[in-house]
DNA sequence: CGATCATTCAACTATATGGTTGACTCAGTT
DNA sequence: AACTGAGTCAACCATATAGTTGAATGATCG
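Protein chains in written order, with the numbering used here: chain A, 314 to 420; chain B, 314 to 420.
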């Protein structure tokens, strides 16, 4: 898991519009216009946000005639989750036992 | 959980130096200089990174004489984890249950 | 073919970000 | 009181980001 991969992921997630778009995409594959509808943004702006999400591999695109169909690529979020995993021990109550659990996972 | 809280958290996490600093802070409370040591950066730059982490509430500061002692504030990462939690179903589910989930959402 | 819809591209603007240098503050030392 | 060490602040620079407008592309429809 390279650094710049996480850079892109977290950077993409740092924008509320993009997080909302991801949430929308999670409901199922849909066109760019459909994703754009809830926002008071130009198509160009939406297009840019999608480029950021795509560069971070958080979404997939598929051409369907004159439409671009967007879908969630959940695998990528797994990387973010794995990064967080290290810290989970610090906020979980039973510090010792979780830590042990994590140690086991490593081996 | 406000939007801008997540904005700050993910934004703070999008920089590799800051992620490394967090990792270092996780080892235990330490001074700014101690955190700065591994990086080829000026103190001012380190200071800025710490401000970003502090604004995101990812770290705590404590004054100890002429030192600033920095420690991890893991509670905040819990928010990021909770945000991710929604998506966990998409990568953990065996195909069958994911399919079911999507079917439910549609209706 | 020409019009239209869905979307992207290019150019531009404003603000944010990550870095630097140099002056400054505060605490402890000599 | 003067010096040094730890760290911050202010000003500045270069690049990135989020948005706009307007022209361009490409598929579909009359």
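Glycine is no exception: its CB is placed at the ideal position from the N, C-alpha and C atoms.
Let's test the definition: count the other Cβ atoms within 10 Å of the Cβ of residue i and tell me whether it reaches 16, buried, or not, exposed.
i, result
"residue 323 of chain A", "buried"
"residue 386 of chain A", "buried"
"residue 346 of chain B", "exposed"
"residue 402 of chain A", "buried"
"residue 393 of chain B", "buried"
"residue 409 of chain B", "Bear in mind that a pLDDT of 49 at residue 409 of chain B, under 50, signals an unreliable position, so the number given afterwards is only what the model happens to contain. Exposed, by the Cβ-count rule."
"residue 327 of chain B", "buried"
Do you know how far the Cα of residue j is from the Cα of residue i?
i, j, result
"residue 354 of chain A", "residue 331 of chain A", "12 Å"
"residue 348 of chain B", "residue 337 of chain B", "7 Å"
"residue 373 of chain B", "residue 388 of chain B", "11 Å"
"residue 365 of chain B", "residue 375 of chain B", "16 Å"
"residue 320 of chain B", "residue 369 of chain B", "9 Å"
"residue 377 of chain B", "residue 363 of chain B", "17 Å"
"residue 380 of chain B", "residue 390 of chain B", "26 Å"
"residue 359 of chain A", "residue 317 of chain A", "23 Å"
"residue 342 of chain B", "residue 335 of chain B", "11 Å"
"residue 339 of chain B", "residue 396 of chain A", "13 Å"
"residue 398 of chain A", "residue 405 of chain A", "11 Å"
"residue 357 of chain A", "residue 400 of chain B", "27 Å"
"residue 384 of chain A", "residue 382 of chain B", "45 Å"
"residue 344 of chain A", "residue 344 of chain B", "50 Å"
"residue 419 of chain B", "residue 351 of chain B", "Bear in mind that a pLDDT of 47 at residue 419 of chain B, under 50, signals an unreliable position, so the model cannot answer this."
"residue 371 of chain B", "residue 325 of chain B", "8 Å"
"residue 329 of chain A", "residue 367 of chain B", "20 Å"
"residue 361 of chain A", "residue 361 of chain B", "28 Å"
"residue 333 of chain B", "residue 333 of chain A", "28 Å"
What residue does the alpha helix (DSSP H) around residue i start on, and which one ends it?
i, result
"residue 386 of chain B", "Segment: none, residue 386 of chain B is in no alpha helix (DSSP H) and carries neither H nor E."
"residue 364 of chain A", "356–368"
"residue 349 of chain A", "345–349"
Which bits of chain B does residue i rub up against, with CB to CB less than 8 Å?
i, result
"residue 351 of chain A", "In chain order: nothing, as chain B lies at least about 14 Å away."
"residue 348 of chain A", "What residue 348 of chain A touches in chain B: nothing, since even the nearest Cβ is about 16 Å away."
"residue 339 of chain A", "399, 400 and 403"
Under three-state DSSP, which class holds residue i?
i, result
"residue 327 of chain A", "coil"
"residue 379 of chain A", "coil"
Please compile the residues from chain A whose C-beta is within a distance smaller than 8 Å of the C-beta of residue i.
i, result
"residue 324 of chain B", "323, 324 and 327"
Counting only Cβ pairs nearer than 9 Å, list the residues of chain B close to residue i.
i, result
"residue 332 of chain A", "316, 319, 320, 323 and 396"
"residue 390 of chain A", "397, 400, 401, 403 and 404"
"residue 385 of chain A", "400 and 403"
Could you tell me which chain A residues have their CB closer than 7 Å to the CB of residue i, listed as they occur along the chain?
i, result
"residue 393 of chain B", "397"
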